[in-house]
Structure formats: C-alpha cells, structure tokens
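2 protein chains.
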Amino acid sequence: MASDYSATHITVDNINPKVLKCEYAVRGEIVSIAQTLQQRLKDNPGSHPFDEVLSDILSFLDLLCTHSSDYVQILYCNIGNPQALAQQPITFFREVLALCDHPSILDKSETQGLFSADAIERAFQILEQIPGRATGAYSHSQGIKGLRDTIASGMGARDGFPADPNDLFLTDGASPAVHMMMQLLIRSENDGILCPIPQYPLYSASIALHGGTLVPYYLDEQTGWGLEISELEHQLKTAKSKGIDVRALVVINPGNPTGQVLGEANQREIVEFCRKEGLVLLADEVYQENVYVPDKKFHSFKKVSRSMGYGETDITLVSFQSVSKGFYGECGKRGGYMEITGFSPEVREQIYKLASVNLCSNISGQILASLIMSPPKVGDESYESFSAEKEAILSSLARRAKTLEDALNSLEGVTCNRAEGAMYLFPCINLPDKAIKAAEAAKTAPDAFYAKHLLNATGIVVVPGSGFRQVPGTWHFRCTILPQEEKIPAIVSRLTEFHKKFMDEFRG
Amino acid sequence: MASDYSATHITVDNINPKVLKCEYAVRGEIVSIAQTLQQRLKDNPGSHPFDEVLSDILSFLDLLCTHSSDYVQILYCNIGNPQALAQQPITFFREVLALCDHPSILDKSETQGLFSADAIERAFQILEQIPGRATGAYSHSQGIKGLRDTIASGMGARDGFPADPNDLFLTDGASPAVHMMMQLLIRSENDGILCPIPQYPLYSASIALHGGTLVPYYLDEQTGWGLEISELEHQLKTAKSKGIDVRALVVINPGNPTGQVLGEANQREIVEFCRKEGLVLLADEVYQENVYVPDKKFHSFKKVSRSMGYGETDITLVSFQSVSKGFYGECGKRGGYMEITGFSPEVREQIYKLASVNLCSNISGQILASLIMSPPKVGDESYESFSAEKEAILSSLARRAKTLEDALNSLEGVTCNRAEGAMYLFPCINLPDKAIKAAEAAKTAPDAFYAKHLLNATGIVVVPGSGFRQVPGTWHFRCTILPQEEKIPAIVSRLTEFHKKFMDEFRG
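Protein chains in written order, with our numbering: chain A, 1 to 508; chain B, 1 to 508.
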C-alpha cells in the first residue's frame, strides 16, 4: 500500500525522527478495540452484554469522530471532557460568550428577555476592553490587555499576592503554553526536564517533540502519591551524573492521573529545591478548582513562593491554567494561560517572540479565561444560579470520586488512593502470575491485558497505567470520575463482577 | 538589570538557539517608534502634523495592547486584521456562532425576533453534527466530522473535484498547520524548504524554529511577480550542490506581500515541477477569496493537479486555508484548516499524532470554517443581506487597491505592481544614493530608513521590504489596502507630500 506512494518521497523513514519518537501513549490498541465494539454494537444492538462503551481515553476523540445520533449511546468517560458526558456548560459564561459573538443584539429589547442583566452588562464591559470592540481582530500576542487585567486581579484575590497582567500569556488551552516552555528550554537531548511518574502524557510527548530528555521522579503511592524531596535530589543527581543538564521541574497539582493534592509544607520544600538548584518550576495547576476533600486545599506555587519571601528574581516560576477543567469543563473553547515570573527581560522578549509567531489565541477562549477568574459576585443577578450550577457539579464529582474509590478498594488485589482532586483514580492492581504470564504470551503489558479483558467483557474503557509510566513491576489503570452520577452504580457492579471472574480465571 | 536574574539560571545564552535565530521580521524598531509617537499623541494631541498612526505591521499587536478608547484614534492598517480597521463581521456568521455558544435560547420565541430564520436553522444543523451537541467538548483531533463533511463538499463545489473530509485537519488559524508540516518535514539544517522571496515571515520563522534551511526563490517583479520555473530549477540545483535535501516548495497564491495571482498555466508548471522533483507542494491559499481583477481567477492547486490527471499517489499536496482572510476577516476566531493529499497511511498517522497532542482546535473556529465554505444560498432568508455585505467589502477593497496602486506609481522613483489579490501592495522605491549613504551612516537598511522618515513625518507605518526579503540592492515596503475607504485620500496626500520632500532632500 505504502509503496503506491513512492512517488511522493515522504516516508516514515525520512520524516522528523522526533515526531516518530513522540508517543501519545493513551492512544492505541484499546481504542481500536473500543471502536470495533462500538461498530458491532451499532450493527447488531444487543450483541454484547452491555450497551455502552465507558471510555476513559484521551483519544475518545477517535470515537467521537465516528459517533452519530443513530448510534447505540456511547458514554464518554474521558476525564478531560466533562461536556462530552452531558455536563451542561455554566449558563452565565455562555450568555456572555454569545453576546460578545453577536454584539449587535445587545441593545435589542428581546435580549433582556433572553439573557441575564449581569451577562449583558459583562458583555458591554468586555467589549469596552477590546480595541474597536473587535472580537474578530487579532489581539496582542499575550492576549487582550483588559482581559489580562481581569485575570491578574482574580489571581491576586486567590493568592493574596498581586499578579502582573504583563506576566500573563493567553493561549489556546494550556497545551500550547507547555510546548512554548519546552521549546524555550530544550536545546538538545542533553537537556532534561524532571517529570512526575505517573505523568500526564502531554509532558513526555512535548519533551520528545522538542528533542529533550524526560528525567523521571517517582511519586510515592504508599503515602498517597507523596512527592519526596529526597527522590527529586536522587534523580537530579543521577541525571547530572549522566551529563544531563536538568533545566526544569514539572509538578502537576492537583495530580493527573494520581488525583493527589500537595500539602503546603510539601510545596515549600519543592520551591526551596527549585530555588537551590536553579530549576524552572513548571506548575501545572489546571485542576485548581477540583479539590474534593475537606482536609486539602489548593495553593498556587506563586502564593507559596511569595509567602516564603521569594520574589521575581529568586525563583523562575511558570503556572499553567486552562478553561477545560475546573467545574466548567469548557474543553472545546481552547482557553488557557500561563503566568511567567522570574525571567530576565531578554528572555521574556524571546518568549514574547514565540507567542507572536502564532499571532494570538482565540478571543472567545480569552474571554472565557477572564470569566473563570471573575465569576458573578454576590448581588449579581446570576450569582445564585451560577453558584448552584457550580456547587451541583463539584459536590457530585466528590460523591462519584468516593463511590468509585470505595468500589475499587473492595476488589481483590486492588488498592486505590483517594481522589483528593483533579478528575481521576489511579488504582494499583496486584495481578496474579498466571495473568502476567498470559500477558507476556500475548505480547502485551499486564495492565493492558487486564484493560482489554475489561473492555471486552463490560464495555468499560480505562487507560492502562503503562500509558502514564509507573514503578516497574507495578500495574495500574486510570479511571475517570466523570460518568453521570446515576450511571456509577452500573459501572461499579459491572467492574466488580468482571474483576471477580478475571481473578478466578487467573488466580491459578 | 538582567544580572538581577542570575539566580534563575535561564539566560538568552542558554535557551534554545533556534528560538533566538527565529525572526519575526515585521516587528522591531518601526514598532517602537510608532508606540512612542502614539504615546506622545495621547499625551499632547496636536503635537504632530497628524492625529492617526496608519500602521501596516504584523505587530500592530503591540499597539493594540496600549490602545484604549480615550486615546487619539489609531487606524490599524495591518493587512491581516480587517476588523481592527472597523470592518464589520458578516452578520450571518456571527448569528450562528452566538446561537451555537448558547443553544438554550434556540427554542425561545424572542430568538426569532433577534436572529434570522436560516441562522437558527443552521445552528440546529451544526449542533446535530456535534456529538451530544457539546460545543464545550474536545472534538476529534482533525475537527468535528460533520463540519469536515461540510467543508469538503464546499471544496468539491469550488474545484469540481471531490475533497475527502478525512484529508482535512482543522486548526486554530492556518499558522499551526504550517508549523505542523515544518515539524514533520524538517529533520536538521540539511533539510531545505523552497520559499518565495519576498515571503510572508511565518515561513522563515517556522523554518528557523524547526531548525531547517530556507531555500529562496525570487519572484520576478518585472513580470508582475511572476514565478519562473527556471528560477525554481536553478535554486533547487544550487541548494542540492550545497548538500541541502530540499523537501517542499511553498507557494503563496494570491501572494503575500506581493498581491499577485498565479495564472493556471503557471500553476500547472509548478505542479509538474513538484511532481518531477518529488517535492511536497505547500500551497498557502488563505487569500483565495481576495481577487480584485477581472482577468485573474483563483484556482486551487488541488484542482489544477487533478485537472492534469494527477491523483493521490502522484503528488503530495497540502493546502492551507483560514477564516482570518477572505471578505470575512475573522482573525480573532482562529479558525482554519489544511487539506493533505498524497501522504502514505503511515505518514498520515504521524500527522494525526501531531494533531492529537494538542487535542483539537477551538470549536467556534471549526464552526466558522464550515460556514465560510457553506454560506447562505439563494432562497435563504439571509442570502441577500449576506451577498450585499460580501460584495460591499470586496468591491471596496478592489477600489482601494487601485487608488493606492495609482498613487504609488505617480511617485518619483516608485514602481508598483497591481494588487491582483490578497490585501497588499509591495512598491519598489528607487532611493537616491544620498539616502542610501545616510541610511548606512544611520546603520539601518535604506528601506527602513525611508519607512522611519515616513512614520515620523506622517504617522503612516509601513513594513520595510527587508522584513520580507527582496532582491539584494532593491528596496520596497509593504502597504496594506485595508484602511477605511474614506481615509484613503488623506493617506495618499500625506504620502505624496512626504515622498516629494524626501526625494528633494536626498536627491543630492
């Protein structure tokens, strides 16, 4: 087949090898199986003991593309995509976006009947901040100044320390910001980036694409995925001994896929470590509004470092935020930003140049980023409905997390840490030798072997732990807490029934 | 100052040298001068013989950031940004976007009073194409399948040859698509990309960022910026003799900054050349709706190659399209796409992987991309108003192009080719030796020297030709045709008066 294309001269053997090396690990065989099942279900409903594929895969995207309304219903459990699981958007946010898209209706009388008064007022305010009220014009490459002012004051209110709008770069989701920093910091494979294991695959993919080296540090599952400084020191030392110039430390808080929330004392140690070692602290804080346990609270690394008395010239800190997570889950809007502090003016200029090559991020995403950092306040017409929508989503997520966590811990050989935050559970499965041998015979990782059996038997799709990396010899899978609450019991009973059968079969 | 940051360890000397090497040439000194002037005008209105800065700079973005309504009015003439110059968005497009952002108003009676019937109907159709009607969910990494179907049929109607929705990758504007192809094709500085000179700086910037080599080919100004195959052959041979592996040919049609529109016979020669040499043809076709002369017509390279009988396996062709240009000029929405044909399934998989690492492009931009390829049709309620809006914009642009072209050609020592398409004029200035010597003394390029004098005297900002590269020893500037039509006479008289004085001063 490929040979037909010989005339084109472009083959996998002569494209950029970094592209080949890059793995977006949560894609792959599981997805193909899920798609086949989905097709089969469409062709002969009832051909399987289940009528839904419960999928926790980043590449649910592949499923979406073949989805159409006449399909047997598919339940997308991908953690990053709440609105694909029927979560409704926050009304106030969408009102403002619609009005900014079509400002000519702002003055019409019918508009008062359709939109809340504060949404109309907010749209007027935002349009005033946009030169010429032109939502269809390129903006400043860092994002519209007035919107950055709003975001900065929201961050200041959150942290108790001021944020500078000139430190903010608005981006199409958080991913482009992560790529921009990797592009800035990585010169060659001798440059290393410390990343947590398990990690979110965006980091390994971006480091590979930019030709750097991922320097792993392991989170301690026994202590609820604790981040030990001794482990950071050990891995840094090991990397240096191999001639790796370690440039930055990635911390994901709340954690993906682990769901842990760092304690403030731990964060102080991390800041101290980065300052001492002169590492850029890349703080993935996109789940900052997703904390489910009363004994944990989100603290931004900016707040922690400033509360330690460290300022602009003491530590280099980058924080990533996104409109895709939180309680709003506006993944499709591709809004996000990074706050950069501790870079010299000369380096900032280079970062600005990188941003300017792509002109600017999409204006709707920029507006939404300002809205999540300045939601309706007490007294605003939308305040009560907004708060109700927010509370309903977050409290339901907390209940789902607890239910799934308990269910997983009740399974033979499965231990699961709390989902303190984010949107995931990452249980450890102690697989029988017979299952591991069977997996080896099938030339697949034991956790992928388990996940495939789970999918075939129940239609539940989870991501094998190997997609996120894990301590060698341990096996996990990532499971989202996002399915609609009324569907959780069915998921639990299917999973429980499957797991028992699987263990009986392979206990040997 | 920078030394204060020594603790941070990140300096311009130890970041990725490719970032340093990357130049976004239309930024720079001219912008700083414009900003200073703008500030001075704000502080003391009337301190200059002009009250507007007429700016044709990609980095008008810098100006935007300091703009606020209490400023003396600034007229943004940046070619890429019509809505920053008071061009109004197309009503039908914005109606549909607003309804898709806030679907819950679709069924309300007030909505019929505010939106056209076909916009409401179109919003329903589009929401039907989106799994779960979730405009806030990540989509397939190539874009929502239903929207790609719409775009593909629009392309099929345009070309008379079918387009496959699976060949389309929807992106946040065209720039990410260009970067994706450079990332795929460039392995090292030994890989070359043939680019027109003058060129749009996105290409030189992207090639530098990915570590490749720009192989220049010169457009022939004497023949209206003609693209000579002999020149392509000559430059390809020269590059090969230097050990450069030339992988692709970039063609911008209609041209930026030159404004030329290629003839179909010329396009056939280009296709034949790429096929013979096994080069990927990267066709920048973002100005496909911007053709102003009756004797020229846009033909996509896909149509041309298919009409020559060349199919999927004969030539590798990538076409870039954007919602930022055309008559709609929706730059801020960041919508666009590329059509890829002639890649083997294995290579396509790698391109898909690159797209999937960033999850998907923004959904509003995806919807807009489908709308520009399927506008209202005869019989639709919006058809007449839509056609009137479109015709008004395009006919006005044609008049502005002609007026400016004539004015420029009337200046001593200035020759300017027709703006057959796109949004620019790129006049050649025959500068007196005295001016060239003065420029050398001032350590600046002669065309930058001219542009600075023009800015200081009139407030008109143009981009020196050196920002786009040009035949050594020739001097140009890029001038947009986008200022509001009623302001063109003032621009012409200011420019004419300045030029006369400048020539008198330096004629020597």
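The beta carbon of each residue, even a glycine, is placed where N, CA and C say it ideally should be. Since the structure is predicted, the reported quantities are computational estimates derived from the model, not experimental observations.
Which of helix, strand or coil DSSP assigns to residue i
| i | result |
| --- | --- |
| Gln321(B) | strand |
| Glu346(B) | helix |
| Arg122(A) | helix |
| Tyr383(A) | helix |
| Thr36(A) | helix |
| Glu339(A) | strand |
| Thr403(B) | helix |
| Phe498(B) | helix |
| Ile429(A) | strand |
| Arg275(B) | helix |
| Val246(B) | strand |
| Cys100(A) | helix |
| Leu359(B) | coil |
| Leu368(A) | helix |
| Cys195(B) | strand |
| Gly226(B) | strand |
| Val463(A) | strand |
| Leu61(B) | With a pLDDT of only 33 at Leu61(B), under the threshold of 50, the placement of this residue in the model should not be trusted; the figure read from the coordinates follows. Looking at Leu61(B) - three-state DSSP - the assignment turns out to be helix. |
| Tyr71(A) | A caution first: Tyr71(A) carries a pLDDT of 30, below 50, which makes its placement in the model too unreliable to give a value. |
| Thr11(A) | coil |
| Val414(A) | strand |
Proximal residues of chain A, C-beta to C-beta of residue i below 8 Å
| i | result |
| --- | --- |
| Gln350(B) | Val12, Ile15, Val19, Leu20 |
| Leu170(B) | Within chain A, no residue comes near Leu170(B); the closest Cβ sits about 12 Å away, beyond 8 Å. |
Cross-strand partners of residue i (DSSP beta bridge)
| i | result |
| --- | --- |
| Arg187(B) | Answer is none; Arg187(B) lacks a bridge partner. |
| Glu221(B) | Glu221(B) pairs with nothing; no bridge assigned. |
| Thr480(B) | Tyr424(B) |
| Thr213(B) | Gly192(B) |
| Ile252(A) | Asp284(A) |
| Leu168(B) | Glu339(B) |
| Val471(A) | Bridge partners of Val471(A): none, in fact. |
Below-8 Å beta-carbon distance, residue i vs any chain B residue
| i | result |
| --- | --- |
| Ala392(A) | no |
| Pro131(A) | yes |
| Gly365(A) | yes |
| Ala283(A) | no |
| Tyr424(A) | no |
| Cys331(A) | yes |
| Val347(A) | yes |
Min CB distance residue i to chain A below 8 Å
| i | result |
| --- | --- |
| Arg153(B) | What sits at residue 153(B) in the sequence shown is Ser, not Arg. Output row for Ser153(B): interface = no. |
| Glu384(B) | no |
| Cys428(B) | no |
| Val280(B) | yes |
| Ser370(B) | no |
| Gly336(B) | no |
| Ala445(B) | no |
| Thr223(B) | no |
| Arg469(B) | no |
| Pro89(B) | yes |
Under 7 Å by beta carbon: chain B residues contacting residue i
| i | result |
| --- | --- |
| Ile105(A) | Leu114 |
| Arg94(A) | Asp101, His102 |
| Leu354(A) | Val19 |
| Leu454(A) | Those within 7 Å of Leu454(A) in chain B number zero; the least Cβ separation is about 23 Å. |
Interface residues of chain A facing residue i [CB-CB closer than 9 Å]
| i | result |
| --- | --- |
| Asp4(B) | Glu312, Thr313, Ser344 |
Neighbouring residues, chain B, relative to residue i (Cβ below 9 Å)
| i | result |
| --- | --- |
| Val357(A) | Cys22, Tyr24, Ser175, His179, Pro201, Leu202, Ala205, Ser206, Leu209 |
| Thr111(A) | Glu110, Leu114 |
| Lys434(A) | Those do not exist, as Lys434(A) stays about 35 Å from chain B at its closest Cβ, beyond 9 Å. |
| Lys501(A) | Residues of chain B passing the Cβ test: none, with the nearest at roughly 32 Å. |
Amino acids of chain A, ordered along the chain, whose beta-carbon sits closer than 7 Å to that of residue i
| i | result |
| --- | --- |
| Leu184(B) | Ile15, Asn16, Val19 |
| Thr135(B) | Gly332 |
| Asn81(B) | Ala137, Tyr138 |
| His9(B) | Gly278 |
Neighbouring residues, chain C, relative to residue i (Cβ below 8 Å)
| i | result |
| --- | --- |
| Ala388(A) | The structure shown has no chain C; the protein chains it does contain are A and B. |
Listed by chain order, chain B residues near residue i by CB distance under 8 Å
| i | result |
| --- | --- |
| Thr213(A) | Under the 8 Å cutoff, chain B gives no residues; its nearest Cβ is about 14 Å from Thr213(A). |
Which ranges would you report for the alpha helix (DSSP H) in the region 281-315 of chain A if only whole runs of at least 4 residues count? 301-307
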